[in-house]
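*Asks:*
So, in structure tokens, the structure goes:
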């Protein structure tokens, strides 16, 4: 098997979370490959930053409206990418315990939009940023923060094992990162920290409203569905000859499908109850695998 085929196979077998990380990594490689070429040939090949980063000034947004999403796939350096992807993987796996892969993408994109909007409003309203030149926004941090805060709002008392610390509640981790972002605003990268807070606000509000039966991200679901199509392999429908189509057969299949779905939901509910009482680490490997597969369905 050629390496191209192996990559394609691995991509098709990966879940939405892994594919989201892969897209960020590939964009980073292309971005800095071009930057390295620019350095070697003493020319600026920075059209990726110019056209896909989110601008400070709202007038510039009129010329590249797509940047409100695309900036969330650009990064300023290797460490910037590494820490964002590490937190995305950590929070994304927990997120998929409670929500669907489509909703993971919804949080990611809406978190990016929310972070960009708060960034733009802050730079155009607060006197502290008056006279500041164009400081473009890049990074997946706002989107990742939305996912982390979203799942922390859903399961605040979930116990997470941290190296050198031990078990700690998930909401403590989320709250710590939000507080750090807030107090770091005067000390550099103010725009980045403000964008993180925008993502955190979206994650909290989205999950809170979902618990009340309100899906505030429903308006963006069509866009998310389209993007999900990019992340999923195309399936060829086999040709079938159908000779029988009676209502009794349909009813039996429907009843069987409903019964199986009901049993799956009961099992998922019992596992979630166990998490809320004893924490995620109390689950067996089989229970964790079952939850992960159920989140993909």
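Residue numbers (the UniProt record's numbering): 1 to 297.
The C-beta atom is built at its ideal place from N, Cα and C for all residues, glycine as well.
Do the segment 45 to 56 and the segment 79 to 92 meet, that is, are 3 or more Cβ pairs less than 8 Å apart?
*Replies:* In short, these stretches do not touch, since the Cβ pair count stays below three.
*Asks:* Can you grab the Cα-Cα spacing for the pair residue 145 / residue 187, in whole Å?
*Replies:* 20 Å
*Asks:* If residue 147 and residue 112 are in contact, beta carbons under 8 Å, what's the gap, nearest whole angstrom?
*Replies:* With a Cβ gap of about 11 Å, residue 147 and residue 112 do not count as contacting.
*Asks:* From residue 185 to residue 262, what does the alpha carbon distance come to, in whole angstroms?
*Replies:* 49 Å
*Asks:* Can you tell me which of the three DSSP states residue 184 falls into?
*Replies:* coil
*Asks:* Am I right that residue 96 and residue 17 are in contact with their C-beta atoms under 8 Å? What's the rounded C-beta distance?
*Replies:* Sure, about 7 Å apart at Cβ, within 8 Å.
*Asks:* Hey, could you find the ends of the alpha helix (DSSP H) residue 102 is sitting in?
*Replies:* 101 to 125
*Asks:* Along the chain, where does the beta strand (DSSP E) containing residue 162 start, and where does it finish?
*Replies:* Element bounds for residue 162: 159 to 162.
*Asks:* Measuring only the C-alpha atoms, how far is residue 35 from residue 217?
*Replies:* 36 Å
*Asks:* Express the C-alpha separation of residue 107 and residue 290 in angstroms, rounding to a whole number.
*Replies:* Between residue 290 and residue 107, the C-alpha separation is close to 23 Å.
*Asks:* Within the same chain, show all residues whose beta-carbon is closer than 6 Å to that of residue 129, passing over the 5 residues directly before and after it, in chain order.
*Replies:* 123
*Asks:* Can you give the Cα-Cα distance for residue 157 and residue 272, rounded to whole angstroms?
*Replies:* Residue 157 and residue 272: Cα-Cα distance of roughly 12 Å.
*Asks:* If you compare alpha carbons, which of 25, 81 and 159 is closest to residue 282?
*Replies:* 159
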